[in-house]
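Participant: Residues in the sequence shown are numbered from 332 upward in steps of one, following our numbering. Where is the CB? At the ideal position from N, CA and C, for every residue including glycine. Sharing a structure below in structure tokens format, with a few things to ask.
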Amino acid sequence: MIVISIIIVLAMVVMPQYNRFTLQARETALRDNLFQMRKMLDQYAADKGKMAQSLDELVSANYLRDIPIDPMTGERDWVVEMGEDVNAIDGGQGISNICSASPDTSSDGSSYNDCTKW
332 MIVISIIIVL AMVVMPQYNR FTLQARETAL RDNLFQMRKM LDQYAADKGK
382 MAQSLDELVS ANYLRDIPID PMTGERDWVV EMGEDVNAID GGQGISNICS
432 ASPDTSSDGS SYNDCTKW
């Protein structure tokens with residue numbers, strides 16, 4: 332009975348820490364994924380003279396091996412923001428930014444799907 336009580340108390344102390352560390356790891360993975368994809372979007376625009384129209388275009392042009400999984404949703408469901416393509420001669424639109432599709436709030440209080448914060 333005492334052993335079970337000790338195990339329960341330890342579990343109550345450890346679980347919140349585990350959840351916090353897991354969230355921090357997912358947020359770090361999100362930051363890294365966003366950094367890499369934004370870097371490849373910029374590189375694509377510099378190389379091709381126009382902005383990418385989709386993430387699949389980055390994969391087919393070998394700028395990304397695959398579209399990464401959003402660590403907050405567990406899916407490849409990124410939100411892309413389309414913007415004016417200032418690089419293209421004929422204008423048009425292309426991907427100007429990308430962010431998570433998760434509507435949840437981060438540990439710093441910002442929304443994961445707010446492209447200006449992440």
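Name the two residues that bound the continuous beta strand (DSSP E) containing glutamine 424.
Facilitator: Element bounds for glutamine 424: 424-430.
Participant: Our contact map puts serine 431 next to leucine 361 with C-beta atoms below 8 Å; I'd like the distance itself, whole angstroms only.
Facilitator: 6 Å
Participant: Pull up the distance between the alpha-carbon of isoleucine 337 and that of lysine 370, whole angstroms please.
Facilitator: 49 Å
Participant: Considering glutamate 412, what are the terminal residues of the beta strand (DSSP E) in which it resides?
Facilitator: Secondary structure note for glutamate 412: its beta strand (DSSP E) is the uninterrupted segment 410-415.
Participant: From the DSSP output, in three-state form, read off threonine 273 for me.
Facilitator: Absent from the model: residue 273. The displayed extent of the chain is 332 to 449, so no value can be given.
Participant: Check whether the Cβ atoms of glycine 414 and alanine 383 lie closer than 8 Å to each other.
Facilitator: no
Participant: Give me whichever residues DSSP pairs with serine 442 in a beta bridge.
Facilitator: Per DSSP, the beta-bridge partners of serine 442 are Thr436.
Participant: Between the C-alpha atoms of alanine 392 and aspartate 435, what's the straight-line distance to the nearest angstrom?
Facilitator: Going by the C-alpha atoms only, they are around 32 Å apart.
Participant: In angstroms, rounded to a whole number, what distance separates the CA positions of tyrosine 394 and aspartate 439?
Facilitator: 31 Å
Participant: Counting along the chain, where does the alpha helix (DSSP H) carrying leucine 389 start and finish?
Facilitator: Run containing leucine 389: 386-391, per the alpha helix (DSSP H) assignment.
Participant: From serine 427 to phenylalanine 352, what does the alpha carbon distance come to, in whole angstroms?
Facilitator: 31 Å
Participant: Report the residue from Tyr375, Met346, Leu389 and Asn444 whose alpha carbon sits nearest the alpha carbon of proline 402.
Facilitator: Relative to the Cα of proline 402, the nearest Cα in the group Tyr375, Met346, Leu389 and Asn444 belongs to Asn444.
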